[in-house]
Amino acid sequence: MARAPGRLRPHGIRRERLRPGRFTEVPVRVGIFLFDGVEELDAVGVYEVLAKAKQLHPPLDLTVRFRALKEQITGALGMKFLAHEVRRDLADLDLVIVPGGQGRGEVVKDSEWLQSLLDFGTEKPVASVCTGALILMAAGLLAGRKATTHRSAMDELRGTAQVVDQRIVEDGLVTTAGGVTASIDLGLQLLRKHFGPELADEVAEHLEYRENQNP
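Going letter by letter, the sequence shown gives residues -10 to 204 in the numbering used here.
Given below as structure tokens:
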């Protein structure tokens, strides 16, 4: 859990404890998939966490990009996004994050993209936020796995996945996060897993965010 806000040290929180060059050995290129009708916080929360880590430590070998099948995306609440990268292939990435949102119904009709996601997820880590888990399910990545999603969508997962009512669930290469605000928890968990707990704690403190505990 992140330290209480009263322990914060603005503009350089605990950076002294992170050794120079500590995070330069393992490159991680992250793609957050956007689509029309995406739930904005699903995408922005995890982006904020990962991008903040890079801002605090420029040598960190971490790249975070919004990826989509077209340049401009309109979110579920009307927010406009400009994708950093417009491409269908995922092979250049090290981690794919799939947010949820009301537009997922169109995404699951795209069999070619779902196949790309399945091919990727059998070799490299994938993650979802909220109802993005239903996209992973449609791609065939959740069969028999433990997973979570927004509580309103848990019944849709049952029968395919082993539904767990927790904020973050990991099963092999697949990590799923619960509803909306769990996007931030997911970002911190990914930092913890790929770069270590000190960095995750530092970012949480910088954002003045107290992690939610499972369930």
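The beta carbon of each residue, even a glycine, is placed where N, CA and C say it ideally should be.
Given the structure is predicted, the values throughout are model-derived calculations rather than measurements.
Compute the Euclidean distance between the alpha carbons of residue i and residue j, then round it to the nearest angstrom.
i	j	result
Arg93	Gly148	20 Å
Leu66	Glu112	34 Å
Ala171	Arg77	26 Å
Asn201	Asp31	16 Å
Asp190	Leu177	8 Å
Arg56	Leu107	17 Å
Arg216	Leu175	For the chain, the structure presents residues -10 to 204; residue 216 sits outside this window and is missing.
Asp83	Gly168	24 Å
Ile86	Val115	6 Å
Leu71	Lys98	23 Å
Gly10	Gly20	With a pLDDT of 45 at Gly10, under the threshold of 50, the modelled position of this residue cannot be trusted, and the question is left open.
What are the residues that DSSP puts in a beta bridge with residue i?
i	result
Ile206	The shown model of the chain, from -10 to 204, leaves out residue 206, and the question about it has no answer.
Leu165	With the sequence shown as reference, residue 165 is identified as Thr, and Leu is not the correct amino acid for it. Its beta-bridge partners are Ser117, Val158.
Phe70	Ile62
Phe55	Ile21
Gln151	Lys135
Val192	Per DSSP, none; premise fails for Val192.
Val27	Gly90
Val75	Ala57
Give the DSSP-derived three-state secondary structure of residue i in the structure shown.
i	result
Glu95	helix
Val15	coil
Tyr198	coil
Open item on the list: With three or more C-beta pairs closer than 8 Å as the rule, is the stretch 173 to 190 touching the stretch 42 to 50?
Closed with: yes
Open item on the list: With three or more beta-carbon pairs closer than 8 Å as the criterion, would you say the stretch 190 to 198 touches the stretch 130 to 144?
Closed with: no
- [ ] Flag this pair as touching only if the stretch 152 to 161 and the stretch 46 to 61 have three or more C-beta atom pairs under 8 Å; answer yes or no.
- [x] no
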